[in-house]
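One structure is given here, and the rest of the page talks about it.
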Amino acid sequence: MARAPPFDGGAGRFGGPPALAGRAGELALERRAGGVSDPQRRLGVAQGELAAGGHGAPCPHPTPVVVSPEPWRERWREGVAGSFKGDLESVHLLRQAARRLRVWLWLGDWQILNDDLRWLQHRAGRVRDLGLGKGIRLTGFQKWLTDELARAWEALWTDLEHPRRRGVEEALTWMPPFAYKEAKGHLEALKHRVRRHLKAQSPEELHILRRRIRRLRYAKEWLQLEAEDLVRLQDELGQLSDLRLQLRLLGAFEARGGRVPARLQSQLAFAAFQAQARARQAVRSWTSSFS
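Residue numbers (the working numbering): 3 to 293.
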């Protein structure tokens, strides 16, 4: 299933990311943000050299002077182009780029484009959610899922062709970097939001905590600060969210007249129960080192 992207200023030139599967694929895509090959990282190194005297001798731990929207401005375009081709991993990339760019805007004290990025992030969510159902081995369910995915893809392609999406892409091209020092001052506000949910117990509370953790993680990564502990915690919380989403998909299938074996329901419910216990333990362990 694919649709050729319309001409909109060259967005179709960008290829989709490599084919990756499930949550491991999402994490692999996210970790592509690291590494000295990224434009933002190179910018920081270059500015570190200037701080050392401009003779090409980098500081031991160079701190960037400004924070650029790259590489995620480019990855947003990659996600759009790949989504036009019906690539699920490109939808993950599109949504992830939108989230990261929204955090970047927040760090820069800008409200512009936040609602527009959130709009397309949410629109792409239906395709991503249904994609998680591909791992459920149930013949009748897979037929229902295929039909639902076809409708979700059509809706997403319509949104991607909307002038609002093209306007966001054009506006992102002109967004300038902002001062690193001022942006770093916003981290405490994100940490405070995380602290408010550290006693989360229910799946709903853990889901909220996961979103707060993700936002803090993205902010730290924009500022080139260590966030590996947040990556691990986000992954642990994400496993619970994915299992609960699969249970909701089965519930929607049943509501349309489908039949789900009780054994499959029990297996998924038990797996979600175990994931919730692991998530609680991960939060407790992580809290002891959080400052």
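Don't be surprised by glycine CBs; every beta carbon is placed ideally from N, CA and C.
Asked	Found
Environment of K222 [buried if 16+ CB atoms lie within 10 Å]	buried
CB-CB length for L115 against A173, believed under 8 Å	6 Å
Length of the line joining the Cα atoms of L235 and L119	25 Å
C-beta neighbour in chain B for T160, strict 8 Å	Included in the structure is just one protein chain, with no chain B present.
Cross-strand partners of F180 (DSSP beta bridge)	V69
Minimum length 4: unbroken alpha helix (DSSP H) runs contained in the segment 140–177	141–162 and 165–175
Nearest neighbour of A185, chosen from A99, W106, G253 and D89 [CA to CA]	W106
Where S268 falls: helix, strand or coil (DSSP)	helix
Assigned secondary structure, I215 (DSSP; H/G/I helix, E/B strand, else coil)	helix
Helix, strand or coil at R282 according to DSSP, with G and I counted as helix	helix
Coil, strand or helix - D244 by DSSP	helix
Helix, strand or coil at I138 according to DSSP, with G and I counted as helix	coil
Candidates R139, R250 and R104, of which the one nearest L122 by Cα	R104
Distance between R128 and W155 (C-alpha atoms, nearest Å)	9 Å
Residues near Y220 by beta carbon distance below 7 Å, same chain, minus five either side	R101, R102 and V105
Close beta carbons around R261, own chain, < 8 Å, minus the five adjacent residues each side	G142
N- and C-terminal bounds of the alpha helix (DSSP H) containing R197	L189 to R197
Unbroken alpha helix (DSSP H) run spanning V82, endpoints	W74 to F86
Cβ-Cβ separation, W146 to F292 (assumed contact under 8 Å), whole Å	Their Cβ separation, rounded to whole angstroms, is 42 Å, which puts F292 and W146 out of contact at 8 Å.
V38 versus Q276 - alpha carbon distance	Below a pLDDT of 50, predicted positions are generally treated as unreliable, and V38, at 34, falls in that range; the measurement from the model is reported next regardless. So the alpha carbons of these two residues sit roughly 38 Å apart.
Within 8 Å, strictly: CB atoms of W176 and V69	no
Contact under 8 Å by Cβ, L242 with A274	yes
Beta-carbon spacing of V196, L227 below 8 Å	no
Whole-number beta carbon distance between L208 and Q278, since they are thought to touch under 8 Å	7 Å
Contact check, E238 vs R198, beta carbons under 8 Å	no
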